[in-house]
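Worksheet for the structure shown next.
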Amino acid sequence: MSHDASTFDRRELLRRLSAAGLAAGAVAAGAAFFHDRHTPSSRPRAIPDWRLPGAAGYPAVVAARGPDPAANVRRAVAALGGMERFVRPGERVLVKPNVGWDRLPEQAANTDPAVVAELVRLCRSAGARRVVVTDISCNDPRRCFARSGIAAAVAAAGGEVIVSDRLRLVPADLAGVAQGLEVVEELLTAERVINVPVVKHHRLSGATLGMKNWFGVLGAGRNRLHQSVHRAIAELAATFRPTLTVVDATRVLLANGPQGGSLADVREVGAVAAGTDPVLCDAWGAVQLGVRPTDLASIQEAAQRGLGRAEVGLVQELGTA
Amino acid sequence: MSWTTRLRILYQTFFLFVFLWLLARLAASDPRDLPFGAFFHSDPLAAVAVVFSSATLPGALVWGTALLLCTIVFGRVFCGWVCPLGTLQQLASWILSPRSRRESLAVNRYRRWYAVKYYLLAALLLAAAAGTLQTGLLDPLSTLARGLASAVWPLLPGRRPVPGGWIAGALVLAILLASRWIPRLFCRVFCPLGALLGVFARFALFRISRRQEACTTCNLCAFACQGADEPLGQHRVAECHVCLNCTAACPEGALAYRWLATTPPAEAPDLSRRYLIGSALGGLVAAPLLQVAGGGRSVANARLLRPPGARAESEFLARCIKCSLCQQACPTGALQPAIGQAGVEGFWTPVLVPRRGWCEFACTRCGEVCPTGAIQPLEAARKTGYDGREPVKIGTAFVDRGRCLPWGMQIPCIVCEEMCPTHPKAVWVELVQETTRDGRRVALQRPWVEPQRCVGCGICENRCPVGEEAAIRVLSVGETRDPLNRILLPAG
Amino acid sequence: MRARPGFGHLLLVMPLVAAAAWIHWRGTRERDDPAQILSVLRANAAPTLPAPASCRATSRSQVESYDRTSLYTLIDGAAESYLARGFERCVAALYTFSESGSSPTEVTAEVYRFATPAGARELFHEEAPSQGRAVAGVADAVTDGTVLLAVAGRDLLKATAVSGGGDATPFLAAVARAWHGEVPQ
């Protein structure tokens, strides 16, 4: 218990001093390291450009008509050079249909499941390693994907549906009115992106087509975009540039969109367009609704911004199968 | 009384006086650039805890690490010579309970459960690592400052009571009263700052040493020992407050505070590993529980208005040490301690209550005094938007047309528009002519709020004549610090 | 540590003295007074024109700004006398008042800021319409029904009715009142 106070051997001295020195060093080092340190974790992510370089002599947009939606998709994509032109073997593809509402395919509120499934199949044949299908629905996502038939169709075609709590949202570098909103992370990690909208009437913007389909990858706060919807649509089209746009006009919703519900508002058109010009795709979609592209402010604004052409005559119609 | 003791009492008096004086000056809106936050800047517990909770050491808190270095050299001199709450406890002990020699010996014995403060420290630090900073609740400097701000200053003439202030005052009172039974009970048992210093004091190069041959085992050294660190037995350097009462009391001169004195091998605090791990895990588990108990962390609370310059809620809660300096700095008394609005983990964090005060348009006092940067300092030109960018907003005002005099009662009023400080005013009026019930023609100026311009300062709600539930109220939506708590699209 | 007063004790009092001296030194500096800062910020901010709703106008054109070099594009030769009196910058816009049943009245409004209130005043007296009357509710303002001039601090307001014919006093006065109400004090 007692201790000797006066004599102190060198080893004890050294031990004592070095222990204190180490402790002091650790404190000083910690202070220096952490001093005003900024954690870069929440830096907004940039949106990649998924377009292919060069037009390579193919038409910008083609449209196929016929009773079988899957066949229409095949013909349209073949006329553009085949899916091999867009998807390289081993790539990760994200297919973005419109699965916003808890509706049956007949009600034309979501993209036709056969169209989505065919695209998944084509991507897989072209050698894609993984094909993900996703959308942030307005109704409960599991019901939407089930009721629309897309969940079953995609699974059968070898794709993967990812929804709700399995989706991660990350801050993204979005300009303009969408500033501050988050984006689905799966989208940012995909190498190729295919936008597959359905053609519908929309009470606020006139029509909801391909450019407006990008609302579905945005997180909370997208409900504010309606305050300036035409500008929002054009800005989103400028931000998200997919590899391929496939417009589903198998059935179109002529009135009471975007939700619809009544079969009386649905017209069977039986056409599918595909192309690399998103504005032209939307213009063609508008015509299927019986709306003039010049009447849609979002198409005009997008054309003015140089995002594409709005003259529907440029679309190459492949005719009826 | 030896000169050493006199010197220590001088130090304690000086720092207690300075602490009280600085806080009093701050609460009185003293125009001088006094170092109001000096004590908190040198608070090592705040420094270490903020590093745990937000992985960064805000610039001013570097002095806290300097104090840690000082502790590594000299031991817990802060506790014995500086800490104002410690000084007050000693005063309380001396006033409330004169003791016989025998009693003094008994109460100043070390007890096993004095190790609780280390378990508390572990729990608090792990909770901080999990994202919720609660060290401020027990930090002696924050505790004393809170008690003064919420319970003592409001008693002065011309001041209004702070809702819930009695809680802070009761805590300080309880701490002081506890010294009647065991002197400096809080310091010995609960103080996490003392525990942190104790962890580093084990390396102390200066410490109490005893010359065995001179010691007569008279126990005089233990009568006045403040830290209960047993100078006669195994001197626990981690508990020693360096009060030097023992060296002064020893008639044989056997005890001395010396450089590189030898001590028994057991230098570290006497802790049970099981309890330590248990309390650490407890802190880790308690953190998410605290976070889900209400508050604005995941979903913005409409009435949780934070000071201008406050960080986003989760970062704010990871930095606020509940010192209440901002509440005292606010010249209009707008900042009040949150009781329930910010959830359990936000207890005693600052919230702006427009009915109590408003945020003066170009005032940036709260950010100037915040020691941890939970409220970031702002330039007046940045806050007001006179630098050309959007002003800093803490919310948006909404007119309740059912309660508003010109809207709902055909009675003229114009107070909110008159008071609105923005330029052009966010509250603007529309002139209408109406006929009242008894046939009179009355000209009414009806207020509208332009949400893009409103900064949420609350002066409109503060001055609205329609009682405590005013006819124009500020809600947190639109606040700059949260990009998701918005109504409007970004400007431009 | 010896029990007697010694050099060591004296040395240890030094930190207290240093702390007291430092606090005292900090006390010799003053913090910025928010009220003062605000008035400085307001004085340095650009002059503004009132929103159309504040003057009960139907619409207002885009606000254009002019500085010392571009002033002549707005008022041509008259720019000389403005510059001589310390003109700094100005903002201008066109207000349209459409009332049902009558043709719309258009009022151009310009606010000129000068380096000193004296400069603004000189120009006010120089350009005030000769047959002018005071304007109710606005101090230092005169109008003759077509042109209105008002001065407040370093700012000069000039409002001119450019179409609609007749006495445009109510419209000019509305613009002047709204502007005056928003001038920082």
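Protein chains in written order, with the numbering used here: chain A, 16 to 336; chain B, 626 to 1117; chain C, 230 to 414.
C-beta: ideal position from N, C-alpha, C; glycine also.
Under 9 Å from the C-beta of residue i: neighbouring residues of chain A
i, result
"Leu857 of chain B", "Neighbours of Leu857 of chain B on chain A: none; closest Cβ ~10 Å, over 9 Å."
"Phe665 of chain B", "Ordered by position in chain A, no residue passes the 9 Å Cβ test against Phe665 of chain B, which lies about 16 Å from the chain."
Selection from the options that minimises the alpha carbon distance to residue i
i, options, result
"Gly72 of chain A", "A:Val146, A:Ala46, A:Arg100 and A:Ala318", "A:Arg100"
"Asp150 of chain A", "A:Val178, A:Ala288, A:Gly305 and A:Ala123", "A:Val178"
"Val176 of chain A", "A:Met226, A:Asn228 and A:Val108", "A:Val108"
"Arg342 of chain C", "C:Ser294, C:Thr325 and C:Ala365", "C:Ser294"
"Thr265 of chain A", "A:Ile314, A:Ala286, A:Asn271 and A:Arg246", "A:Ala286"
"Leu670 of chain B", "B:Cys945, B:Gln1058 and B:Leu796", "B:Cys945"
"Leu746 of chain B", "B:Ile902, B:Arg1065, B:Arg650 and B:Thr681", "B:Ile902"
"Arg58 of chain A", "A:Arg80, A:Gly97, A:Val281 and A:Glu197", "A:Glu197"
"Gly1013 of chain B", "C:Leu240, C:Leu267, C:Gly235 and C:Ala274", "C:Ala274"
"Arg805 of chain B", "B:Leu716, B:Ala963 and B:Arg883", "B:Leu716"
"Asp297 of chain A", "A:Ala279, A:Trp229 and A:Val262", "A:Val262"
"Asp1063 of chain B", "B:Val687, B:Pro1049, B:Gln1070 and B:Gln1035", "B:Gln1035"
"Leu401 of chain C", "C:Ser299, C:Leu323, C:Arg350 and C:Gly348", "C:Leu323"
"Asp64 of chain A", "A:Ile314, A:Thr291 and A:Gly328", "A:Thr291"
"Ile1000 of chain B", "B:Ser949, B:Pro1037 and B:Glu1043", "B:Ser949"
"Val391 of chain C", "C:Thr334, C:Asp262 and C:Ala264", "C:Thr334"
"Lys1050 of chain B", "B:Leu1030, B:Glu1059, B:Phe664 and B:Ala1022", "B:Ala1022"
As assigned by DSSP and simplified to three states, the class of residue i
i, result
"Cys319 of chain C", "strand"
"Gln961 of chain B", "strand"
"Phe326 of chain C", "strand"
"Glu1086 of chain B", "helix"
"Ala20 of chain A", "Below a pLDDT of 50, predicted positions are generally treated as unreliable, and Ala20 of chain A, at 44, falls in that range; the measurement from the model is reported next regardless. Three-state result, Ala20 of chain A: coil."
"Trp646 of chain B", "helix"
"Gly237 of chain C", "helix"
"Tyr73 of chain A", "coil"
"Thr257 of chain C", "coil"
"Lys387 of chain C", "strand"
"Lys227 of chain A", "helix"
"Val867 of chain B", "coil"
"Trp251 of chain C", "helix"
"Val687 of chain B", "helix"
"Arg928 of chain B", "coil"
"His216 of chain A", "strand"
"Asn246 of chain A", "Inspection of the sequence shows that residue 246 of chain A is occupied by Arg rather than by Asn. Residue state, collapsed to three classes: helix."
"Arg1111 of chain B", "coil"
"Asp292 of chain A", "coil"
CB of residue i within 7 Å of CB of residue j, strictly
i, j, result
"Pro782 of chain B", "Gly790 of chain B", "no"
"Ala937 of chain B", "Ala752 of chain B", "no"
"Ala336 of chain A", "Gly69 of chain A", "no"
"Ser678 of chain B", "Leu766 of chain B", "no"
"Tyr739 of chain B", "Arg813 of chain B", "yes"
"Ala34 of chain A", "Phe825 of chain B", "no"
"Pro1072 of chain B", "Cys1041 of chain B", "yes"
"Ser1101 of chain B", "Leu930 of chain B", "yes"
"Asn926 of chain B", "Ala847 of chain B", "no"
"Ser243 of chain A", "Val192 of chain A", "yes"
"Thr629 of chain B", "Ala793 of chain B", "no"
"Cys951 of chain B", "Leu960 of chain B", "yes"
"Val130 of chain A", "Val92 of chain A", "no"
Closer than 8 Å at the beta carbon, the chain A residues around residue i
i, result
"Phe825 of chain B", "Ala38 and Val42"
Neighbour list for residue i in chain C, Cβ cutoff strictly below 8 Å
i, result
"Thr1009 of chain B", "Leu267 and Leu270"
Within chain C, the residues that residue i reaches when beta carbons sit closer than 9 Å
i, result
"Arg657 of chain B", "Arg255, Gly256, Thr257, Arg258, Glu259 and Arg260"
"Lys1050 of chain B", "Ser283, Gly410 and Glu411"
Under 9 Å by beta carbon: chain B residues contacting residue i
i, result
"Leu28 of chain A", "Leu885"
Could you tell me which whole beta strand (DSSP E) segments of length 3 or greater appear in the region 354-378 of chain C? 370-372
In chain order, which alpha helix (DSSP H) runs of at least 4 residues are fully inside the region 770-797 of chain B? none
Please give me, in chain order, every unbroken run of the alpha helix (DSSP H) with length at least 4 that falls completely inside the region 1003-1078 of chain B. 1005-1009, 1030-1033 and 1040-1044
Just list the alpha helix (DSSP H) runs in the region 700-762 of chain B, keeping only unbroken ones of 4 residues or longer that don't cross its boundaries, in chain order. 709-721, 726-732 and 741-754
Only counting runs of 4 or more residues, tell me where the alpha helix (DSSP H) segments fall wholly within the region 275-322 of chain C, in order along the chain. 301-304 and 308-313
Completely contained alpha helix (DSSP H) runs for the region 799-871 of chain B, where each covers 4 or more residues: 810-814, 817-826 and 845-848
Give the list of continuous beta strand (DSSP E) stretches no shorter than 3 residues that lie fully inside the region 120-202 of chain A. 145-148, 184-186 and 197-199
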